[in-house]
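Below is one structure, written out as structure tokens, with a few remarks after it.
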Amino acid sequence: MSAAAGEFDRAGVNKTGRGRLMPPTAGTDGNRVFLQLGRQPEEPNQFNYPDAPTSYAPDVRARLEADAKEIIGRYPQPRSAILPLLHLVQAQDTYITPAGLAFVAELLGLTSADVSGVASFYSMYRRDPTGKYLVGVCTNTLCAVMGGDAIYDELKSHLGVGNDQTTEDGAITLQHIECNAACDYAPVVMVNWEFFDNQTPESARELVDKLRDDAEVRPTRGMPLCSFAANERILAGFPDERPDDGQGGAGAATLAGLQVAREHGMTAPEPDANTRGGEK
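According to numbering that gives the first Met the number 0, the sequence shown is numbered sequentially starting from 0.
Given below as structure tokens:
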């Protein structure tokens with residue numbers, strides 16, 4: 000065989016200088032090396048919780064299909080509804096199950112792998128069964144420095160559970176979480192995605208005790224808490240039936256910089272043509 004037709008020297012270099020069969024370090028004599036990789040191991044982000052449902056009962060499926068039809072109808076392309084549909088099935092199961100993945104995939108004409116790939120990207124889609132209240136303690140840098148680690152350790156001891164574990168009564172799932180973009184209120188605890196600001200080990204312990212007693216609990220801003228499953232249905236896009244009493248909005252710490260600017264007559268410069276995307 001000529002070099003032009005693909006003859007290589009022992010280092011794996013085409014004698015015409017047109018290419019290399021393989022790096023010279025691949026084998027001691029430059030010959031091909033093949034690796035037997037075997038079966039791909041199970042990955043931690045797969046939705047494979049033991050005994051998770053793989054299908055829905057007919058009555059449950061009929062109810063989910065009616066809700067899903069309403070959700071899909073809000074979008075010009077059905078597959079655009081994948082995120083709210085995942086919240087819908089999570090409202091049913093409290094986590095993402097093979098049944099939920101298959102249901103969403105079937106409705107949208109996707110594979111379960113397609114849906115799993117999206118769900119595994121977002122931390123709000125749970126991989127394990129979730130209690131009535133998901134209590135997340137921020138242990139990222141600022142919250143940790145301000146006491147987040149101490150709060151998390153206190154709740155672990157008080158509840159007798161570790162990260163992503165649920166109390167025996169099914170009331171609380173505890174987890175440590177990354178930054179919640181509420182650094183001006185550090186350390187922060189979240190319950191079903193609602194903020195509880197400026198927490199201490201003592202206040203956090205009191206909070207979870209009230210949750211376990213089913214007492215009405217209000218976040219720092221916003222309406223009284225609902226269950227994790229009910230909140231997931233709201234995130235799927237269905238109406239929030241709780242009365243809005245005007246307790247939302249930004250808090251004083253968030254607005255402190257704006258207040259100082261107003262007191263000193265500070266303003267931002269007017270945008271020029273470049274910042275508006277216009278011509279110079």
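Positions of the beta carbon are idealized from the N, C-alpha and C atoms, including for glycine.
What span of residues does the alpha helix (DSSP H) with residue i cover, start to end?
i      : result
Asp124 : Per the sequence presented here, residue 124 reads as Tyr, with Asp not at that position. No alpha helix (DSSP H) contains Tyr124, which DSSP labels as neither H nor E.
Ala61  : 57-71
Leu254 : 251-262
Pro97  : 97-107
Ser202 : 200-211
Glu231 : 227-234
Glu153 : 147-158
Val117 : 111-118
Ser82  : The amino acid at residue 82 is misidentified as Ser; the sequence shows Leu. Note, Leu82: alpha helix (DSSP H), 81-92.
For residue i, list the residues DSSP reports as bridge partners.
i      : result
Gln164 : Leu173
Glu193 : Val190
How about residue i and residue j: do their beta carbons lie closer than 8 Å?
i      : j      : result
Gly135 : Val216 : no
Val88  : Gly99  : yes
Ala61  : Ile70  : no
Leu287 : Leu158 : Residue 287 is absent from the model: the chain starts at 0 and stops at 279.
Gly161 : Pro186 : no
Arg211 : Ile171 : yes
Glu193 : Gly221 : yes
Gly130 : Phe195 : no
Ala104 : Thr110 : yes
Cys137 : Asn197 : no
Ala90  : Glu231 : yes
Val207 : Leu254 : no
Pro223 : Thr165 : no
Asp183 : Ala267 : no
Val236 : Pro77  : The amino acid occupying residue 236 in the given sequence is Gly; Val does not appear at that position. It is not a contact, given that the beta carbons lie outside the stated cut-off.
His86  : Leu234 : yes
Leu133 : Phe102 : no
Leu106 : Ala56  : no
Apply the 10 Å Cβ neighbour rule to residue i and answer buried if 16 or more other Cβ atoms are within range, or exposed otherwise.
i      : result
Glu201 : exposed
Gln45  : exposed
Met123 : exposed
Arg73  : exposed
Ala181 : buried
Arg261 : exposed
Tyr121 : exposed
Ser54  : exposed
Asp58  : exposed
Val144 : exposed
Glu41  : Residue placement at Glu41 cannot be trusted, given a pLDDT of 46 that sits under 50; what the coordinates show is reported in the next sentence. Label assigned to Glu41: exposed.
Ala112 : exposed
Val259 : exposed
Ala203 : buried
Asp92  : buried
Asp271 : exposed
Asn191 : buried
Pro238 : exposed
Ser115 : buried
Pro218 : buried
Asp244 : exposed
With respect to the beta strand (DSSP E) encompassing residue i, which residues constitute its N-terminal and C-terminal limits?
i      : result
Leu133 : 132-137
Any beta-carbon of chain B closer than 8 Å to the one on residue i?
i      : result
Asn230 : Note that chain B does not occur in the displayed structure, where there is just one protein chain.
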